[in-house]
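Visitor: Chains A and B, in that order, are what the protein sequence lines are.
The C-terminal residue of the first sequence carries number 209 in my numbering, and the numbering is unbroken.
The C-terminal residue of the second sequence carries number 209 in my numbering, and the numbering is unbroken.
Number of protein chains: 2
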Amino acid sequence: MNPTPASPTSRAATALDVALPAWVDEEVRATGGVLPDVEERMHLVHRLAARNHQEGHGGPFAAVVANPGTGEIYAAGVNLVLATGLSTMHAEVVALSFAQTRLGLWDLSAVGSPVELVVNWRPCVMCYGATMWSGVQLLTIAGEGDEIEQLTGFDEGPMRDDWAQQFADRGITVRSGILRDEALEVFADYGNRDDVIVYNARGGAASS
Amino acid sequence: MNPTPASPTSRAATALDVALPAWVDEEVRATGGVLPDVEERMHLVHRLAARNHQEGHGGPFAAVVANPGTGEIYAAGVNLVLATGLSTMHAEVVALSFAQTRLGLWDLSAVGSPVELVVNWRPCVMCYGATMWSGVQLLTIAGEGDEIEQLTGFDEGPMRDDWAQQFADRGITVRSGILRDEALEVFADYGNRDDVIVYNARGGAASS
């Protein structure tokens, strides 16, 4: 899909247009909005990711911001690069931004109890930084490794080998390997589409 | 400054509220909107950065997206973390997002001629990725190095030693050292304030 041309009204835009598709909150409400088990939270993320690329909003990536103690879901997000026309609107940025908006806190560490970001794979380099600056204290991922790039075609960017230690140095714990096989199934389904949209700058650069 | 508590209406927010302060475009228009010389473009960035922290919108960071051949300014951005309540709204993300919105292109490489991002220091790790996925082909920075962290107190995050080569591998050229001393003056002015706001998650993590 080629980028669409500018509309005349966007030329002088002074606000960003980032709307969360209604079905995202509907999927959260369908779970009751409280998921005390980490596998339940990850399963929600996988369901959102699988639906997102079918809805055409962006790639097969989703994220949830939650209270890992009570299971309360503060916000969910999906990759909205195609829906918003903004290359930064990866799932993690969307979920963190809606959590911060709804809680009225640009620093989620001010919630008072630890906040968790649940994602269906290790974040790309941009979302690695976005996670670091958000105030979350726990990152839960289905997995990490090259499978995501092999199955989806997306470039995840250059990460440091000590990425998890760098998180730990800043008070962020990483938990990996939650419902890993389900993540790979979603990526494979996406990669097997005959109309895959890898919305990469220069055909090789974009991500979760 | 402590994060402000949530307002009742934000609890169910389904859109992000990211407005560009009017003075940003006013500063661009005051230049005529076309700055063929790279030092002119960087001088605009420094002026925006200096004004931004005085206006209270966020840290002393700004960015411009331009056509480096003609000097046309597509969009300018400043750090809006405090103004928007969103930790991802660093200057680069803001400038790239408004350029993409105004041009109607989530991939700026589709403009047809190379697009430049001008920033008053090397991007933090999040904005490193944001730049990589944006479609820009030229990154112009005033400088790089630890001075920014020493003068402002912000954490820039863990960057790889080969960060510039990783850009080059993806078709992005880095040009550094444009009006470097002016950048340091702005950072020093910020650091010397007696009411410095380092809006860091956990007191040590946030950036340009």
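For glycine and all other residues, C-beta sits at the position ideal for the given N, C-alpha and C.
What are the complete beta strand (DSSP E) segments, minimum 3 residues, inside the segment 58 to 137 of chain B?
Guide: For the segment 58 to 137 of chain B, whole beta strand (DSSP E) runs of length 3 or above, ordered along the chain, are 63 to 67, 74 to 79, 117 to 120.
Visitor: Taking 8 Å as the cut-off, does the segment 87 to 105 of chain A touch the segment 69 to 80 of chain B (at least 3 CB pairs, one atom from each stretch)?
Guide: With a cut-off of 8 Å, the segment 87 to 105 of chain A and the segment 69 to 80 of chain B do not count as touching, because too few Cβ pairs lie within range.
Visitor: Which chain B residues are close to residue 12 (chain A), counting only those with a beta carbon under 8 Å from its beta carbon?
Guide: Locating residue 12 (chain A) in the first sequence gives position 11, where the first residue counts as 1. Going along chain B in sequence order, the residues near residue 12 (chain A) (Cβ under 8 Å) are 103.
Visitor: With distances taken between CB atoms, is the gap from residue 97 (chain A) to residue 118 (chain A) smaller than 8 Å?
Guide: Position 96 of the first sequence, counted from the first residue, corresponds to residue 97 (chain A). Position 117 of the first sequence, counted from the first residue, corresponds to residue 118 (chain A). Closer than 8 Å, so yes.
Visitor: Using alpha carbons as the reference points, say which of B:196, B:112, B:168 lies closest to residue 69 (chain B).
Guide: Position 68 of the second sequence, counting from 1, holds the residue named residue 69 (chain B). Residue B:112 is the option with its Cα nearest to residue 69 (chain B).
Visitor: Do residue 93 (chain A) and residue 143 (chain A) have their C-beta atoms closer together than 8 Å?
Guide: If you number the first sequence from 1, residue 93 (chain A) lands on position 92. If you number the first sequence from 1, residue 143 (chain A) lands on position 142. No. Outside cutoff.
Visitor: How many angstroms separate the CA atom of residue 46 (chain A) from the CA atom of residue 29 (chain A)?
Guide: As a working note, residue 46 (chain A) is residue 45 in the first sequence. As a working note, residue 29 (chain A) is residue 28 in the first sequence. Taking the straight line joining both Cα atoms gives about 10 Å.
Visitor: Sort A:168, A:154, A:103 by Cα distance to residue 128 (chain A) and report the nearest one.
Guide: Taking the first sequence and counting its residues from 1, the one referred to as residue 128 (chain A) is at position 127. Looking at the Cα atoms, A:168 is the closest of the given residues.
Visitor: Who are the Cβ neighbours of residue 174 (chain B) in its own chain at under 6 Å, not counting the five residues just before and after it?
Guide: Within the second sequence, residue 174 (chain B) is the residue found at index 173, counting from 1. Closer than 6 Å at the Cβ level, and outside the excluded window around residue 174 (chain B), lie 139.
Visitor: Name the chain A residues whose beta carbon is nearer than 7 Å to that of residue 49 (chain B)?
Guide: For the purposes of this step, residue 49 (chain B) is taken as residue 48 along the second sequence, with counting starting at 1. What residue 49 (chain B) touches in chain A: nothing, since even the nearest Cβ is about 15 Å away.
Visitor: Tell me, please, whether the CB atom of residue 153 (chain A) is closer than 8 Å to any CB atom in chain B?
Guide: For the purposes of this step, residue 153 (chain A) is taken as the residue at position 152 of the first sequence. It does not; no Cβ of chain B falls within 8 Å.
Visitor: Between the Cα of residue 15 (chain A) and those of B:107, B:95, B:65, spot the shortest distance and give me the residue it belongs to.
Guide: As a first step, residue 15 (chain A) is located in the first sequence; it is residue number 14 there, counting from the start. Closest by alpha carbon: B:95.
Visitor: Shorter than 8 Å from the beta carbon of residue 190 (chain B) to some beta carbon of chain A?
Guide: Start at 1 with the first residue of the second sequence, and residue 190 (chain B) comes out as number 189. Chain A, which has no Cβ nearer than 8 Å to the Cβ of residue 190 (chain B), makes this no.
Visitor: To the nearest whole angstrom, what separates the beta carbons of residue 176 (chain B) and residue 141 (chain B), a pair I think is in contact under 8 Å?
Guide: Mapped onto the second sequence, residue 176 (chain B) falls at position 175. Mapped onto the second sequence, residue 141 (chain B) falls at position 140. 5 Å between Cβ atoms; contact.
Visitor: Reducing DSSP to helix, strand and coil, say where residue 179 (chain A) ends up.
Guide: Here the question's residue 179 (chain A) lines up with position 178 in the first sequence. In the structure shown, residue 179 (chain A) sits in coil (DSSP, three-state: anything other than H, G, I, E or B).
Visitor: Please report the residue range of the beta strand (DSSP E) in which residue 141 (chain B) lies.
Guide: Start at 1 with the first residue of the second sequence, and residue 141 (chain B) comes out as number 140. Residue 141 (chain B) -> beta strand (DSSP E) spans 139 to 142.
Visitor: Could you tell me which chain B residues have their CB closer than 9 Å to the CB of residue 20 (chain A), listed as they occur along the chain?
Guide: Counting from 1 along the first sequence, the entry for residue 20 (chain A) is found at position 19. In chain order: 15, 16, 17.
Visitor: Grouping DSSP H, G and I as helix and E and B as strand, with all else coil, what is residue 14 (chain A)?
Guide: Here residue 14 (chain A) is taken as the residue at index 13 of the first sequence, counted from 1. Residue state, collapsed to three classes: coil.
Visitor: Strictly below 8 Å CB to CB, what residues from chain B border residue 131 (chain A)?
Guide: Within the first sequence, numbered from 1, the residue matching residue 131 (chain A) stands at position 130. Simply 88, 89, 127.
Visitor: What is the rounded straight-line gap between the Cα of residue 161 (chain A) and the Cα of residue 31 (chain B)?
Guide: Residue mapping note: residue 161 (chain A) aligns to position 160 of the first sequence, counting from 1. Residue mapping note: residue 31 (chain B) aligns to position 30 of the second sequence, counting from 1. Answer to the nearest angstrom: the Cα atoms are 42 Å apart.
Visitor: Secondary structure at residue 35 (chain A), three-state DSSP: helix, strand or coil?
Guide: To locate residue 35 (chain A), count along the first sequence from 1; it is residue 34. Strand, per DSSP.
Visitor: For residue 153 (chain B), which residues does DSSP report across the bridge?
Guide: Here residue 153 (chain B) corresponds to residue number 152 of the second sequence, with the count starting at 1. Paired residue(s): none; residue 153 (chain B) is not in a bridge.
Visitor: Taking 8 Å as the CB-CB cut-off, is residue 30 (chain B) touching chain A?
Guide: Position 29 of the second sequence, counted from the first residue, corresponds to residue 30 (chain B). False, the Cβ-Cβ gap to chain A never drops below 8 Å.
Visitor: Expressed to the nearest angstrom, what Euclidean distance is found between the alpha-carbon atoms of residue 124 (chain B) and residue 67 (chain B)?
Guide: In the second sequence, residue 124 (chain B) corresponds to position 123, counting from 1. In the second sequence, residue 67 (chain B) corresponds to position 66, counting from 1. Rounded to whole angstroms, residue 124 (chain B) to residue 67 (chain B) spans 17 Å at the Cα level.
Visitor: If we ignore side chains and look at the alpha-carbon of each, how far apart do residue 147 (chain A) and residue 137 (chain A) end up?
Guide: On the first sequence, residue 147 (chain A) is found 146 positions in, with the first residue counted as 1. On the first sequence, residue 137 (chain A) is found 136 positions in, with the first residue counted as 1. One C-alpha to the other measures close to 25 Å.
Visitor: Do residue 17 (chain A) and residue 120 (chain B) have their beta-carbon atoms positioned less than 8 Å apart in this structure?
Guide: By 1-based counting over the second sequence, the position of residue 120 (chain B) is 119. By 1-based counting over the first sequence, the position of residue 17 (chain A) is 16. No, the Cβ-Cβ distance between residue 120 (chain B) and residue 17 (chain A) is not below 8 Å.
Visitor: Anything in chain B within Cβ reach of residue 161 (chain A), meaning under 7 Å, just list it in chain order.
Guide: Position 160 of the first sequence, counted from the start, is the residue given in the question as residue 161 (chain A). 159, 161, listed in chain order.
Visitor: In the DSSP output, what is residue 20 (chain B) paired with across the bridge?
Guide: Within the second sequence, numbered from 1, the residue matching residue 20 (chain B) stands at position 19. Paired residues: A:16.
Visitor: Please report the straight-line C-alpha distance between residue 33 (chain A) and residue 114 (chain A), rounded to a whole angstrom.
Guide: Here residue 33 (chain A) corresponds to residue number 32 of the first sequence, with the count starting at 1. Here residue 114 (chain A) corresponds to residue number 113 of the first sequence, with the count starting at 1. Those two C-alpha atoms are separated by around 21 Å.
Visitor: At the level of alpha carbons, what is the spacing between residue 63 (chain B) and residue 50 (chain B)?
Guide: The residue given as residue 63 (chain B) occupies position 62 in the second sequence. The residue given as residue 50 (chain B) occupies position 49 in the second sequence. Rounded to whole angstroms, residue 63 (chain B) to residue 50 (chain B) spans 5 Å at the Cα level.
Visitor: In the DSSP assignment, find the alpha helix (DSSP H) that holds residue 170 (chain B) and state where it starts and stops.
Guide: The count along the second sequence starts at 1 and reaches residue 170 (chain B) at position 169. It spans 164 to 170 - the alpha helix (DSSP H) in which residue 170 (chain B) sits, taken as one unbroken run.
Visitor: Skipping 5 residues on each side, what residues in its chain have a beta carbon closer than 8 Å to that of residue 152 (chain A)?
Guide: Within the first sequence, numbered from 1, the residue matching residue 152 (chain A) stands at position 151. Cβ neighbours of residue 152 (chain A) beyond the five flanking positions: 185, 188, 189, 191, 192.
Visitor: Given a cut-off of 8 Å, decide if residue 42 (chain A) and residue 25 (chain A) are closer than it, judged by their beta-carbon atoms.
Guide: The residue labelled residue 25 (chain A) in the question sits at position 24 within the first sequence. The residue labelled residue 42 (chain A) in the question sits at position 41 within the first sequence. In this structure, residue 42 (chain A) does not lie closer than 8 Å to residue 25 (chain A) by Cβ.
Visitor: Would you verify that the beta carbon of residue 210 (chain B) is, or is not, closer than 8 Å to some beta carbon of chain A?
Guide: A query on residue 210 (chain B) cannot be resolved here, the shown segment of chain B reaching from 2 to 209 and no further.
Visitor: Please report the distance separating the alpha-carbon of residue 61 (chain A) from that of residue 36 (chain B).
Guide: Locating residue 61 (chain A) in the first sequence gives position 60, counting from the first residue. Locating residue 36 (chain B) in the second sequence gives position 35, counting from the first residue. Roughly 40 Å separates the two Cα atoms.
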